[in-house]
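Peer 1: Residue numbers (UniProt numbering): 1 to 426.
(1) May I have a chain-ordered list of the beta strand (DSSP E) segments no shorter than 3 residues that lie completely inside the region 327–386?
(2) Tell me the rounded alpha-carbon separation between residue 80 and residue 316.
(3) What are the start and end residues of the beta strand (DSSP E) that includes residue 171?
(4) Taking Cβ to Cβ, would you say residue 41 is nearer than 8 Å to residue 295?
(5) If you draw a straight line from the C-alpha of residue 16 to the C-alpha of residue 167, how long is it?
(6) Can you tell me the Cα-Cα spacing of residue 311 and residue 372, whole angstroms?
(7) Helix, strand or coil for residue 272 per DSSP?
(8) Under three-state DSSP, which class holds residue 148?
(9) Taking buried to mean at least 16 other C-beta atoms within 10 Å of its own C-beta, is residue 251 buried or exposed?
(10) So the beta strand (DSSP E) residue 19 belongs to, where does it begin and stop?
(11) At which residues does the alpha helix (DSSP H) containing residue 303 begin and terminate?
(12) How big is the Cα-Cα spacing for residue 189 and residue 67?
(13) Is the region 170–182 in contact with the region 324–336, if contact means three or more CB pairs nearer than 8 Å?
(14) Measuring CB to CB, does residue 196 end up less than 8 Å from residue 75?
(15) Which residues share a DSSP beta bridge with residue 285?
(16) Where does residue 291 land, buried or exposed, given buried means 16+ other C-beta within 10 angstroms?
(17) Between the region 28–40 and the region 154–167, can you find at least three pairs of beta-carbon atoms closer than 8 Å?
(18) Cutting at 7 Å between CB atoms, please list the residues of its own chain near residue 261, excluding the five before and the five after it.
(19) Have a look at residue 55 and residue 28 and give me their C-alpha separation to the nearest angstrom.
(20) In whole angstroms, what separates the C-alpha of residue 146 from that of residue 130?
(21) Using only the alpha-carbon positions, how far apart do residue 228 and residue 264 sit?
(22) To which residues does DSSP link residue 182 through a beta bridge?
(23) For residue 232, which of helix, strand or coil comes out of DSSP?
(24) Starting from residue 131, trace the alpha helix (DSSP H) both ways and give me its first and last residue.
(25) How about residue 344 and residue 247: do their beta carbons lie closer than 8 Å?
(26) Assign residue 202 to buried or exposed, taking buried as 16 or more other Cβ atoms, counted over all protein chains shown, within 10 Å of its Cβ.
(27) Under the rule that 16 or more other beta-carbon atoms within 10 Å means buried, what is residue 341, buried or exposed?
(28) Looking only at C-alpha atoms, which of 46, 72, 338 and 65 sits nearest to residue 57?
(29) Name the residue from 320, 280, 333 and 359 whose alpha carbon lies nearest to the alpha carbon of residue 297.
(30) Contact check, residue 49 vs residue 31 under 8 Å by CB: the rounded distance?
(31) Let me check understanding here. Comparing Cα to Cα, which of 230, 289, 225 and 245 lies closest to residue 259?
(32) Measuring alpha carbon to alpha carbon, tell me which of 253, 174 and 335 ends up nearest residue 198.
(33) What is the DSSP secondary structure of residue 315, reduced to helix, strand or coil?
(34) From this set, 376, 45, 277 and 35, which residue's C-alpha is nearest residue 334's C-alpha?
(35) With the cut-off set at 8 Å, would you say residue 283 and residue 338 are in Cβ contact?
(36) Please name the residue or residues paired with residue 72 in a DSSP beta bridge.
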């Protein structure tokens, strides 16, 4: 997270809405910019491919037995299609030795993956990604790199919101990234499907597909339903909002047999019990069915998807849904999974509002609430939200679940107008 600070600024109210004023994304396949991502989501397509642009010899590592050491039973994944070895070191003030280092982060290797500014964080140490960005643009204030596994992108968003609300900064840039450079990443957890697909909420859910881009329990990696319920309720209470007015939840939805039923039941308990009997069911979906599990950038991909939905007033269909997981009681829990691209209509006086779940497999959960800014401003007493705003830097890669006790509650992040048909926005 990089930021811009003003000395002597007055701290603002902790419930002050924060606006997303720009964003970008570089993901796998066609999801290499906002326009491609929008098209991919609206057509319910996926970016799965067997090729990873020559990073390793797939045939040399593949074996159908997942327990066989030194091999992988995963046949495909979701990969960025560009040659990651191409990098203009001089453009980003790097030495040849720095550029030749074995980078493990997309922001450090792909100068064209985002608007110009995003790639300027290039460097051989992941710990200083944010510092390089701050140095290049002369940003002042907190400059923090967060390494919290699957929910890292939204953890950065949380810190950015905190910094703005506390009065520490007036603007912030946040992002997340991940890159798959080795065939054995996460193989030991046996959490990945061999066919390289994520079947979110489907009865075929038995593991997730890897993807990349520029997001007290029985075990540390096992989800806690109670923690998820508490987090959602606490986040809405802090924001002073009623979950019954929310239309859509972008779930973590990794497509695992245990995780999906736990998460959907937690969403139902926290958000549908207060809904009017004649109200529409709560929509739920997961972008992982389209682009895979992007690890530290997965939460960012979810936010970008939701902002596109809010600004265009549409609901994207969920992919890879044939038969709903029998442990997910959609009717009883008053939930609904969209299977077609459709307009997003609301009652007069209502708001277009979504929630976003992001879980780290080490245990910490993050929940964010986003609204369409136009409607918020129309309903606000003064017609403005001041000069406090947050700028999304971009997205790429991963996600999973985390620590049952600790939860980071995010208040509203209000996106401003986007033009999804254009190039990456700054």
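In this text, a Cβ means the ideal position worked out from N, Cα and C, and glycines have one as well.
Peer 2: According to the structure data:
(1) With a minimum length of 3 residues, the unbroken runs of beta strand (DSSP E) contained wholly in the region 327–386 fall at 353–359 and 365–371.
(2) On the chain shown, position 80 is the one that residue 80 refers to. On the chain shown, position 316 is the one that residue 316 refers to. Across the structure, residue 80 and residue 316 are spaced so that their CA atoms are roughly 22 Å apart.
(3) If you number the chain shown from 1, residue 171 lands on position 171. Residue 171 -> beta strand (DSSP E) spans 171–175.
(4) Position 41 of the chain shown, counted from the start, is the residue given in the question as residue 41. Position 295 of the chain shown, counted from the start, is the residue given in the question as residue 295. No.
(5) The count along the chain shown starts at 1 and reaches residue 16 at position 16. The count along the chain shown starts at 1 and reaches residue 167 at position 167. Roughly 11 Å between the two C-alpha positions.
(6) The residue you call residue 311 lines up with position 311 of the chain shown. The residue you call residue 372 lines up with position 372 of the chain shown. About 7 Å.
(7) What you label residue 272 is simply residue 272 of the chain shown in a count that begins at 1. Look at residue 272 here: in three-state DSSP terms it is coil, with no helix or strand label.
(8) Here the question's residue 148 lines up with position 148 in the chain shown. For residue 148, the secondary structure class from DSSP, reduced to helix, strand or coil, is coil.
(9) Taking the first residue of the chain shown as position 1, residue 251 is located at position 251. Residue environment for residue 251: buried (at least 16 other C-beta atoms within 10 angstroms of its C-beta).
(10) Reading the chain shown from its first residue, position 19 is the one you call residue 19. Run containing residue 19: 18–20, per the beta strand (DSSP E) assignment.
(11) The count along the chain shown starts at 1 and reaches residue 303 at position 303. Boundaries of the alpha helix (DSSP H) harbouring residue 303: 298–312, taken from the DSSP string.
(12) Start at 1 with the first residue of the chain shown, and residue 189 comes out as number 189. Start at 1 with the first residue of the chain shown, and residue 67 comes out as number 67. Its pLDDT being 45, under 50, residue 189 is placed unreliably by the model, and the measurement read from it follows with that caveat. Rounded to the nearest angstrom, the two C-alpha atoms are 10 Å apart.
(13) Contact between the region 170–182 and the region 324–336 is absent: fewer than 3 CB-CB pairs across the two stretches fall below 8 Å.
(14) For the purposes of this step, residue 196 is identified with residue 196 of the chain shown, where counting begins at 1. For the purposes of this step, residue 75 is identified with residue 75 of the chain shown, where counting begins at 1. Yes, these two residues count as a Cβ contact at 8 Å.
(15) Here the question's residue 285 lines up with position 285 in the chain shown. The partner list for residue 285 (beta bridge, DSSP) reads 250.
(16) Here residue 291 is taken as the residue at index 291 of the chain shown, counted from 1. Looking at its Cβ environment, which holds 16 or more other Cβ atoms inside 10 Å, residue 291 is buried.
(17) Judged by Cβ distances under 8 Å, the region 154–167 makes no contact with the region 28–40, as fewer than three pairs qualify.
(18) Along the chain shown, read from residue 1 onward, the residue named residue 261 stands at position 261. Counting only Cβ-Cβ distances below 7 Å, and skipping sequence neighbours, we find 325, 327 and 328.
(19) Within the chain shown, residue 55 is the residue found at index 55, counting from 1. Within the chain shown, residue 28 is the residue found at index 28, counting from 1. Their backbone Cα atoms lie some 15 Å apart in a straight line.
(20) Here the question's residue 146 lines up with position 146 in the chain shown. Here the question's residue 130 lines up with position 130 in the chain shown. Taking the straight line joining both Cα atoms gives about 9 Å.
(21) What you label residue 228 is simply residue 228 of the chain shown in a count that begins at 1. What you label residue 264 is simply residue 264 of the chain shown in a count that begins at 1. Separation of residue 228 and residue 264 (C-alpha to C-alpha, rounded to the nearest whole angstrom) is 10 Å.
(22) On the chain shown, position 182 is the one that residue 182 refers to. DSSP, once it has assigned bridges, lists no residue as partnering residue 182.
(23) Looking up residue 232 in the chain shown gives position 232. Collapsing the DSSP output to three states places residue 232 in a helix.
(24) Start at 1 with the first residue of the chain shown, and residue 131 comes out as number 131. Per DSSP, residue 131 is one residue of the alpha helix (DSSP H) stretching across 129–137.
(25) Residue mapping note: residue 344 aligns to position 344 of the chain shown, counting from 1. Residue mapping note: residue 247 aligns to position 247 of the chain shown, counting from 1. The answer is yes: Cβ separation under 8 Å.
(26) Reading the chain shown from its first residue, position 202 is the one you call residue 202. Residue 202 sits buried, since 16 or more C-beta atoms from the chains shown fall within 10 Å of its C-beta.
(27) Taking the first residue of the chain shown as 1, we reach residue 341 at position 341. Exposed is the call here.
(28) In the chain shown, counting from the first residue as 1, residue 57 sits at position 57. Checked all of 46, 72, 338 and 65; the closest Cα to residue 57 is 72.
(29) Counted from its first residue, the chain shown places residue 297 at position 297. Across the set 320, 280, 333 and 359, the C-alpha of 359 shows the shortest separation from the C-alpha of residue 297.
(30) The residue given as residue 49 occupies position 49 in the chain shown. The residue given as residue 31 occupies position 31 in the chain shown. Residue 49 to residue 31, Cβ: 12 Å. No contact.
(31) Looking up residue 259 in the chain shown gives position 259. Taking only the C-alpha atoms, the option nearest residue 259 is 225.
(32) Your numbering for residue 198 matches position 198 in the chain shown. With distances taken between Cα atoms, residue 198 lies closest to 253.
(33) Position 315 of the chain shown holds residue 315. It is a strand residue.
(34) Taking the first residue of the chain shown as position 1, residue 334 is located at position 334. When only C-alpha atoms are compared, the closest one is 277.
(35) By 1-based counting over the chain shown, the position of residue 283 is 283. By 1-based counting over the chain shown, the position of residue 338 is 338. Going by C-beta atoms, residue 283 is nearer than 8 Å to residue 338.
(36) The sequence position of residue 72 within the chain shown is 72, counting from 1. Answer is 62.
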